[in-house]
């Protein structure tokens, strides 16, 4: 018996989907919940979805992987395939031809390319195909360099200027012979479009990238003359002595002068008065500042120039072997939210009221001053605290007794030290807001802390990290 016409109309209307009425932003949020295979299947649903996934900014989620395409069905891994190809050169040649054909036939415009150079001949034969296919569309290029792949640097540096849409360039190393880098001419990386450049091998380079906003690597030889005015993020270091025993070129304050737009700076070079003053006087827009080497600052008057960085949000010292010889006053940095002093505060510190995260090494010299600084009743914003007790002579009990004074503390980490089961019984009151308690590189003589439920009634996670092993104990329920 057939349905009446009105029933057929209702049935057809019920089958109509309204997926196309969803805005692009909502669809992208839905795609984010899917794995890549499911997203590719979703692209076949309709032309609109295909365009959103592959012809909009969402395509940045995908990257073109040479390694995955070179592994045919039935091979367990790329490394098994590589071993088989070394034993059978004909198999290697066939794989290369299949790969080149796959690249040429592809109609998709990949914007992200990541490749590993583990064989010079292999890469040289593929690079021309890849470059001609993707150079007009590439926005991100990541190259992992291994073994003697330094020989292909001229190919890379010659191709980069032709990639007119390239925004991000990353060159990483993996098991490379650095000596080779000092046998050849210093490479020059040129681009009129690259905004982010990261080069991890510690090699001498020149860069000519007028649009560069972010750089991570060894200080370029021509940095003083190049020095891009729109640089916002900089992680810079120097080669103190290269593999031919040649001393590094000297660095002075002129390398930083003029970089007035810098917002993030990681300085992996020794800091003396001159360079420190240059940073404080020039980079007044800095929000994130990190020093990883020795700080040879002569006195507190020089250090007080740090107060000129009125926009600073995060300050970190990663040199854990030396301290400043004077009291550190950070109270005038009213925007500062995260501070990691490491070993620097041997003579004590005055913290700003804005502080939300604080990490410091406690030693015999700064123990009393840290108690006064840390348990200031005006530090009501402090939510995350890390205390390092690598000196066994430090009296932890004096700190533990006062911990409840930090009313809003949510995360607490102890690094180093020796702990017993009765460690927290000395707390004068419960810490109601604490959610996470973590121990790093510790000595623990306990199966379970006594009174932990009473002292930390709302604790969710108790985490232990030691010798590369991480264990999280959930205390919910």
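Numbering (the UniProt record's numbering), first residue to last: 1 to 477.
Ideal Cβ positions, reconstructed from N, Cα and C, are used throughout, including at glycine.
- Your pair residue 390 and residue 348 does not check out as a contact, with CB atoms roughly 18 angstroms apart and the cut at 8 angstroms.
- Taking C-beta separations shorter than 8 angstroms and ignoring five residues to either side along the sequence, the partners of residue 43 in its chain run 49, 50, 53 and 54, following chain order.
- Here the C-alpha atom of residue 354 lies approximately 45 angstroms from the C-alpha atom of residue 21.
- If you look at residue 37, you'll find it in the alpha helix (DSSP H) that goes 36-42.
- The shortest C-alpha to C-alpha distance from residue 56 to any of 38, 34, 24 and 33 is the one to 24.
- Comparing alpha-carbon positions, the option among 385, 127 and 430 lying closest to residue 410 turns out to be 385.
- The C-alpha of residue 289 lies about 36 angstroms from the C-alpha of residue 455.
- For residue 273, the CB contacts under 7 angstroms within the same chain, skipping 5 residues up- and downstream, are 297, 298 and 302 in chain order.
- Out of 437, 114 and 212, the CA that lies nearest to the CA of residue 465 is found in 437.
- With contacts defined as CB atoms closer than 7 angstroms, residue 234 and residue 265 qualify as a contacting pair.
- Residue 318 holds the alpha-carbon nearest to the alpha-carbon of residue 293 among 318, 228 and 422.
- The straight-line gap separating the alpha-carbon atoms of residue 40 and residue 406 is approximately 50 angstroms.
- DSSP places residue 260 in the coil class of the three-state scheme, outside both helix and strand.
- For residue 218, the CB contacts under 8 angstroms within the same chain, skipping 5 residues up- and downstream, are 199, 202, 203, 204, 205, 236, 237, 238 and 239 in chain order.
- Nearest in C-alpha terms to residue 309, of all of 327, 291, 423 and 286, is 286.
- Note that the C-beta distance between residue 421 and residue 449 is below 7 angstroms.
- The three-state secondary structure of residue 311, taken from DSSP, is coil.
- When DSSP states are grouped into helix, strand and coil, residue 374 belongs to the helix group.
- Pairing residue 168 with residue 151 gives a Cβ-Cβ distance that is not under 7 angstroms.
- Runs of the alpha helix (DSSP H) lying entirely within the region 102-164, each at least 4 residues long, are 120-134 and 153-159 in chain order.
- One alpha carbon belongs to residue 431, the other to residue 457, and they sit about 7 angstroms apart.
- Taken through DSSP and simplified to helix, strand or coil, residue 202 comes out as coil.
- Here residue 350 really is in contact with residue 373; their C-beta atoms are around 6 angstroms apart, less than 8 angstroms.
- Runs of the beta strand (DSSP E) spanning 3 or more residues and lying entirely within the region 394-441 occur at 411-415, 418-420 and 436-440, in chain order.
- Of the other Cβ atoms in all chains shown, 16 or more fall within 10 Å of the Cβ of residue 115; this residue is therefore buried.
- Scanning 232, 229, 186 and 59 for the CA closest to the CA of residue 221 turns up 186.
- Sequence-distant partners of residue 190 (beyond 5 residues in either direction) whose C-beta falls short of 6 angstroms from its own C-beta, in its chain, are 161 and 208.
- Pairing residue 352 with residue 324 gives a Cβ-Cβ distance that is not under 7 angstroms.
- In the structure shown, residue 235 adopts extended strand secondary structure according to DSSP, grouped into three states.
- Per the DSSP secondary-structure output, residue 218 pairs in a beta bridge with 237.
- In this structure, the alpha-carbon of residue 344 lies about 42 angstroms from that of residue 156.
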